[in-house]
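This report concerns only the one structure given below.
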Amino acid sequence: MSAQIIDGKAVAAKVRDQVAVKVAEMKEKHNYTPGLATVLVGEDPASATYVRSKQRMCERLGIRSVGHTLPADASQEDVESLVSQLNADPEVNGILVQLPLPKHLDEEAVLNSISLEKDVDGFHPVNIGRLAMKGREPLFIPCTPHGCMVLLEDAGVETSGAEAVIVGRSNIVGLPMAMLLQKANATVTICHSRTKDLVEHLKRADIVVAAIGIPEMIKGDMLKPGTAVIDVGINRVDDPEAKRGYRLVGDVDYDSAAEVAGAITPVPGGVGPMTIAMLMQNTLRAAEIAISKQ
Ligand code: GUN
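Going by numbering that gives the first Met the number 0, the sequence shown opens with residue 0, and the numbers climb by one from there.
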């Protein structure tokens with residue numbers, strides 16, 4: 000069997016096009032431009048690259064973006080006072096504090112300080128709480144797991160009644176992904192480093208979401224034939240033949256998994272482009288909320 004390739008680049012482009020059209024309409028009808036503020040603390044190169052991509056995408060779609068960078072030794076007060084300044088700024092609709100923060104900072108307190116209506120990452124405890132609870136809806140859904148759900152839907156994967164196995168329990172992906180799949184009526188299992196028999200769980204999964212950060216850990220022979228595989232991993236592995244000296248691989252061994260799966264996301268070009276697309280959608284939504292309150 001050869002799996003259907005889930006083209007994240009194409010789906011993300013569709014989402015972005017819709018956002019760009021709505022941003023242009025908003026300017027026309029309301030003379031209003033959505034704005035995103037990014038906050039980067041320290042100089043982690045991967046985080047700096049992600050933040051730059053988010054800012055560039057804002058520019059492409061007509062969203063105003065303002066980048067704030069604080070030194071790696073910034074105090075808790077420095078970060079929280081920047082967030083409160085951004086909370087009060089009417090030109091800022093969304094606030095994105097890039098994670099992870101340096102270890103000395105209290106991440107929970109920082110996320111808590113972001114105004115609920117500007118929480119475009121969806122990490123505020125109230126948004127996460129609403130995501131977890133039946134019959135409640137968050138204002139914003141975390142971007143990466145939301146992107147995974149859009150990919151599943153676009154690929155025609157049925158979630159209702161499906162056995163979904165998520166490998167990884169991070170606050171950014173694994174946990175909110177579990178909540179979203181549960182809201183979509185899947186039967187959800189979260190596996191992690193202490194799970195006793197990962198393969199036993201994977202073998203009965205109709206949907207597998209891999210978000211563990213271990214390069215090519217999940218192999219084709221661990222999967223149930225026909226399963227849908229969403230690979231959230233983006234890992235650099237040394238490759239002397241590649242121009243940059245490395246290549247990007249997922250948490251799933253693509254070649255062997257594509258032989259067994261019914262559908263699979265590639266790396267790169269799968270989940271990656273969706274994260275930014277969903278952030279743009281959330282920023283537009285934050286601007287719509289602001290306009291509705293004017
Ligand atoms: N670090 C890795 N992914 C994310 C994300 O989606 N949002 C933020 N703020 N930080 C991240």
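Ideal placement from N, C-alpha and C gives every residue a C-beta, glycine not left out. Since we're looking at a predicted model, the values are computed, not measured.
{"Check": "Quick one, which of 117, 73, 122, 66 has its alpha-carbon nearest residue 86's?", "Outcome": "117"}
{"Check": "Thinking just about the alpha-carbon of each residue, which of 96, 284, 72 is nearest to the one in residue 81?", "Outcome": "96"}
{"Check": "Apart from the five residues on each side of it in sequence, which residues of its chain come closer than 8 angstroms, Cβ to Cβ, to residue 202?", "Outcome": "221, 222, 223"}
{"Check": "Alpha carbon to alpha carbon, what distance is there between residue 76 and residue 276?", "Outcome": "31 angstroms"}
{"Check": "So, with DSSP's three-state summary, where would you put residue 11?", "Outcome": "helix"}
{"Check": "Let me check you understand the geometry: is the CB of residue 96 closer than 7 angstroms to at least one non-hydrogen atom of the ligand GUN?", "Outcome": "yes"}
{"Check": "Determine the contact status of residue 255 and residue 218, defining contact as a CB-CB distance below 8 angstroms.", "Outcome": "yes"}
{"Check": "Should the stretch 257 to 269 be regarded as contacting the stretch 3 to 18, the criterion being three or more beta carbon pairs within less than 8 angstroms?", "Outcome": "yes"}
{"Check": "Does the separation of the CB atoms of residue 130 and residue 176 fall below 8 angstroms?", "Outcome": "no"}
{"Check": "With DSSP as the reference, please indicate the residues paired to residue 230 in a beta bridge.", "Outcome": "209"}
{"Check": "Using 8 angstroms as the cut-off, can you tell me whether the stretch 64 to 74 makes contact with the stretch 36 to 51, which would need three or more C-beta pairs spanning the two stretches below that distance?", "Outcome": "yes"}
{"Check": "Within 10 angstroms of the Cβ of residue 126, are there 16 or more other Cβ atoms? Answer buried if so, exposed if not.", "Outcome": "buried"}
{"Check": "Looking at C-alpha atoms only, which residue of 108, 209, 237, 213 is the closest neighbour of residue 229?", "Outcome": "209"}
{"Check": "Can you give me the C-alpha to C-alpha distance between residue 187 and residue 288, rounded to a whole angstrom?", "Outcome": "32 angstroms"}
{"Check": "If you drop the 5 nearest sequence neighbours on each side, which residues of the same chain put their C-beta closer than 6 angstroms to that of residue 134?", "Outcome": "none"}
{"Check": "Taking residue 271 as the reference, which of 1, 150, 109, 204 has the closest Cα?", "Outcome": "150"}
{"Check": "Give the DSSP-derived three-state secondary structure of residue 270 in the structure shown.", "Outcome": "coil"}
{"Check": "According to DSSP, residue 263 sits in a beta bridge with which residue or residues?", "Outcome": "4, 228"}
{"Check": "Taking the alpha-carbon positions, what's the residue 159 to residue 269 distance?", "Outcome": "23 angstroms"}
{"Check": "By the three-class DSSP mapping on this structure, what secondary structure does residue 220 have?", "Outcome": "helix"}
{"Check": "How would you write the range of the alpha helix (DSSP H) that residue 78 sits in, first residue to last?", "Outcome": "75 to 87"}
{"Check": "List the whole-angstrom C-beta distance separating residue 231 from residue 147, where the pair is believed to meet the contact cut-off of C-beta under 8 angstroms.", "Outcome": "7 angstroms"}
{"Check": "Go through its chain and collect everything with a Cβ distance to residue 153's Cβ below 7 angstroms, but skip five positions before and after it.", "Outcome": "10"}
{"Check": "Please name the residue, chosen from 214, 100, 285, 181, that lies closest to residue 45 on a Cα-to-Cα basis.", "Outcome": "100"}
{"Check": "Taking Cβ positions, are residue 138 and residue 115 nearer each other than 8 angstroms?", "Outcome": "yes"}
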